[in-house]
Each structure stands twice: as structure tokens, then as C-alpha cells.
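Colleague:
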């Protein structure tokens with residue numbers, strides 16, 4: 002059995018959100034369509050060529066075809082529907098952004114979750130206004146099939162900053178983990194610096210440097226003491242890779258030993274908070290020349306207890322469950338493909 006932590010379902014048409022939007026956003030959507038971010042970056046990634054539904058429409062927009070092509074084919078027990086709106090945190094209007102997120106959520110609840118008991122939803126929020134985001138978590142946090150709060154990694158403020166505390170308070174109160182999903186390349190200009198060197202010239206450069214964004218957010222979350230302030234809160238980092246984690250853990254632990262006066266609220270080594278509060282998904286899968294090199298990284302980061310499988314369906318870099326190393330133990334394989342996510346999301 003498999004739990005997939007990142008399945009991108011979609012709407013057939015933009016106007017499908019209109020019934021869930023209040024005015025003036027409903028009239029705006031019907032007249033002009035949904036607001037877009039245009040960065041000038043050519044995104045050549047796209048979708049698997051075979052993921053377009055037989056009856057037409059965007060990839061990932063047909064629940065029956067998605068079920069056939071993914072859930073049934075690979076014997077899934079659950080699939081987390083993470084959507085396709087991660088440009089939303091780049092929109093400068095926080096009222097519009099959260100209205101769109103709320104409409105996404107309501108559309109998924111009505112048109113997707115009833116289609117298959119294996120579908121699980123996420124509460125998408127726009128972090129531009131944490132109080133509006135917290136209100137959305139309060140509104141939907143008790144829904145039995147909404148198992149995570151989701152927000153984009155695109156941000157001008159690192160996620161350890163107290164600016165986000167209203168989101169974290171609401172998520173902890175509802176017992177929901179927070180999923181940080183990589184922002185879309187067309188939203189990169191909304192970030193202070195999408196790579197430490199500045200703005201990438203093309204999609205290839207940006208995509209190669211996505212782990213750096215996650216490293217910055219995770220260091221901020223840990224070293225700013227988020228888990229001391231919110232001891233029951235958990236995070237999962239989605240679609241940002243994982244092989245960078247040992248380096249970051251070693252670096253934070255080493256620097257903390259000499260600079261602990263700058264983080265007096267921490268009571269343990271940074272890496273120990275990661276073990277208790279943070280999970281990462283497998284996608285996109287790294288491509289070392291030798292499999293044993295990857296197994297060494299697995300051992301360094303305690304992968305069998307921290308990693309959770311994600312396919313990123315229906316994107317071009319989709320990963321099948323068979324991507325896991327052949328020499329991985331059956332215990333570790335079972336944990337990564339199913340058990341870790343079942344425990345993390347409290348899925349029976």
C-alpha cells in the first residue's frame with residue numbers, strides 16, 4: 002500500500018471557481034479570468050504527455066482518469082490532492098489571494114473528495130495575510146478529509162518569522178501539519194531572492210536551486226524557535242528534494258554550538274527538532290551515478306523515519322514508487338511508501 006503526498010489535481014476551467022467566490026472577485030473572474038504571474042521565464046516542464054484525460058481538459062482534471070492512472074495502477078491507500086495554485090502567494094492583493102484559496106478548497110471538497118475515499122484534501126492558504134489564512138484554517142480545520150494546511154514556498158519573509166504565528170497557532174489548534182510546497186517559477190519575482198545569488202535567468206537554473214529556498218525556510222523555522230513556541234506543530238517540505246538535509250543539519254548543529262547565545266530559546270540541537278517535527282517528500286528524486294551514494298545519504302538523515310513518498314503527478318518529473326533504491330530494506334521501503342505518512346497525517 003502507498004500514500005502519495007503530492008498529487009496535483011486541477012480544475013477543468015477557470016470559471017469553475019466562480020460559484021465559490023464572493024463579489025467582487027466572482028465578477029472579475031468571469032470577465033477577466035484568474036490573475037496570473039508573468040515572469041518572462043519559459044517553463045518547459047509541463048505535464049506527462051499521457052496525463053491528458055481522454056475526454057479532454059487539463060492534466061489532472063478528471064477524477065476518474067486520475068484514479069485509473071495513479072491510485073488503481075499503484076495500489077494507493079491515499080493520495081493527497083495538493084492542487085495547482087502555488088503562484089497565489091506571489092499575488093500582492095491578500096484579500097484576492099485568500100478568496101481564491103478558499104474557492105480552491107471548496108471546489109475540491111465538493112468535486113473531488115466525494116469521488117473516492119482515498120482522496121484527501123489540503124487547506125490552501127495565502128500567507129500574505131496570516132490572519133486571513135488562520136481564519137480559513139478555522140473554517141475548514143475540522144473537516145475529516147482535510148489533512149494538511151498548504152502554502153507556497155514563495156515568500157519575502159522566512160517562515161520562522163513571528164509574522165506567521167497566527168497561521169501556526171491555528172494549525173496547531175486544529176492538529177494539522179503545515180505543508181510547504183515549492184512555488185511556481187512564474188512567481189519567482191515575488192521572492193526577495195529565489196536563489197541566494199539572485200533571480201535565475203531560466204527555468205533550469207531556478208529548478209536546480211529550489212532546495213536552497215527550502216534550506217533557508219527550514220533554518221529560519223528551527224533557529225527562530227518555532228517548535229519551542231508551538232510544540233505540537235509539524236511541517237512537511239514538499240517537492241524540494243531531500244538530499245540536501247544532512248549538510249544543513251550538520252551546519253546548524255555545528256554553528257549553534259558556538260553561537261547559541263543568538264538562539265537562547267532552543268533547548269536542543271537543531272537536528273533534534275527536525276527528527277520530531279519535520280518530514281520531507283521524496284520528489285524530485287536525485288540522480289547519483291551510484292546508488293550506494295544515495296543510501297549513504299539515507300543513513301545520514303535517518304530517511305526511513307523522515308522521508309514520505311510523493312509522485313508529483315501529473316508533472317513531467319513524475320516519480321513512480323519503484324524509484325526507491327533496490328537495496329533499501331523492506332522495513333525502510335514500507336515506512337517511506339506508507340507508514341510515515343499514515344502516522345504524520347493520522348490516516349487510518
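Residue numbers (the working numbering): 2 to 349. Cβ coordinates follow ideal geometry from the N, Cα and C atoms, glycine included. Remember, it's a predicted structure, so these values are computed and weren't measured experimentally.
Measuring only the C-alpha atoms, how far is residue 10 from residue 263?
Modeller: Walking along the chain shown from the start, residue 10 turns up at place 9. Walking along the chain shown from the start, residue 263 turns up at place 262. One C-alpha to the other measures close to 43 angstroms.
Colleague: Note down, one range per segment and in chain order, each alpha helix (DSSP H) of at least 4 residues found wholly within the segment 120-182.
Modeller: Correct list: 131-141, 166-175.
Colleague: In three-state terms, what does DSSP make of residue 220?
Modeller: By one-based count along the chain shown, residue 220 stands at place 219. DSSP places residue 220 in helix when its eight states are reduced to three.
Colleague: Suppose only complete runs of 3+ residues qualify. What are the beta strand (DSSP E) ranges in the segment 11-74, listed by chain order?
Modeller: Entirely contained in the segment 11-74, not one beta strand (DSSP E) run reaches 3 residues.
Colleague: Just to check my reading of the structure: residue 48 and residue 286 have Cβ atoms closer than 8 angstroms, yes? What is that Cβ distance to the nearest angstrom?
Modeller: Numbered from its first residue, the chain shown carries residue 48 at position 47. Numbered from its first residue, the chain shown carries residue 286 at position 285. In fact, because the Cβ distance is near 18 angstroms, the residues do not count as touching under 8 angstroms.
Colleague: CB-CB under 7 angstroms to residue 139, same chain, minus the five flanking residues each way: which ones, in chain order?
Modeller: Taking the first residue of the chain shown as position 1, residue 139 is located at position 138. So the list reads 171, once near-sequence residues are dropped.
Colleague: Sorted by chain position, which residues of the same chain lie with C-beta nearer than 8 angstroms to residue 235's C-beta, five sequence neighbours on each side aside?
Modeller: Along the chain shown, one-based indexing puts residue 235 at 234. Answer for residue 235: 178, 179, 278, 279, 280, 345, listed in chain order.
Colleague: Should residue 245 go down as buried or exposed, given a rule of 16 or more other Cβ atoms within 10 Å for buried?
Modeller: Start at 1 with the first residue of the chain shown, and residue 245 comes out as number 244. That one is buried.
Colleague: Can you check which of these residues, 185, 51, 330, 216, is closest to residue 205 by C-alpha distance?
Modeller: Numbered from 1 along the chain shown, position 204 holds the residue referred to as residue 205. The option with the nearest alpha carbon to residue 205 is 185.
Colleague: Please go through the same chain and pick out, in chain order, the residues whose beta-carbon is closer than 8 angstroms to the beta-carbon of residue 328, but skip the five residues on each side of it.
Modeller: Here residue 328 refers to the residue found at position 327 when the chain shown is read from its first residue. Only 292, 293, 296 meet the Cβ criterion.
Colleague: In the DSSP assignment, what residue or residues form a beta bridge with residue 309?
Modeller: As a first step, residue 309 is located in the chain shown; it is residue number 308 there, counting from the start. For residue 309, which the question treats as bridged, DSSP gives the partners 282.
Colleague: What are the residues that DSSP puts in a beta bridge with residue 4?
Modeller: Here the question's residue 4 lines up with position 3 in the chain shown. Looking at the DSSP assignment, residue 4 forms a beta bridge with 79.
Colleague: Where do the ends of the alpha helix (DSSP H) carrying residue 101 lie?
Modeller: Translated into the one-based positions of the chain shown, residue 101 becomes position 100. Start and end: 95-112.
Colleague: So is residue 288 buried or exposed if we call it buried at 16+ other beta carbons inside 10 Å?
Modeller: On the chain shown, position 287 is the one that residue 288 refers to. Exposed.
Colleague: Does the beta-carbon of residue 41 have 16 or more other beta-carbons within 10 angstroms, so that it is buried, or is it exposed?
Modeller: Sequence index remark: in the chain shown, residue 41 carries index 40 (1-based). Exposed, because fewer than 16 other Cβ atoms sit within 10 Å of the Cβ of residue 41.
Colleague: Grab me the residues of residue 3's own chain with a C-beta within less than 8 angstroms of its C-beta, minus the 5 sequence neighbours each way, in chain order.
Modeller: Along the chain shown, read from residue 1 onward, the residue named residue 3 stands at position 2. 75, 76, 77, 78, 310, 322, 338, 339.
Colleague: Mind checking residue 57: buried by the 16 CB within 10 Å criterion, or exposed?
Modeller: The sequence position of residue 57 within the chain shown is 56, counting from 1. Exposed: under 16 other Cβ atoms inside 10 Å.
Colleague: Going by DSSP, what residue range makes up the beta strand (DSSP E) through residue 236?
Modeller: The residue you call residue 236 lines up with position 235 of the chain shown. Residues 236-239.
Colleague: Taking the C-alpha atoms as reference points, what is the distance between residue 65 and residue 252?
Modeller: Taking the first residue of the chain shown as position 1, residue 65 is located at position 64. Taking the first residue of the chain shown as position 1, residue 252 is located at position 251. Cα-Cα distance, rounded: 46 angstroms.
Colleague: Does the segment 10-20 come close enough to the segment 269-278 to have 3 or more Cβ pairs within less than 8 angstroms?
Modeller: They do not touch, by the three-pair rule.
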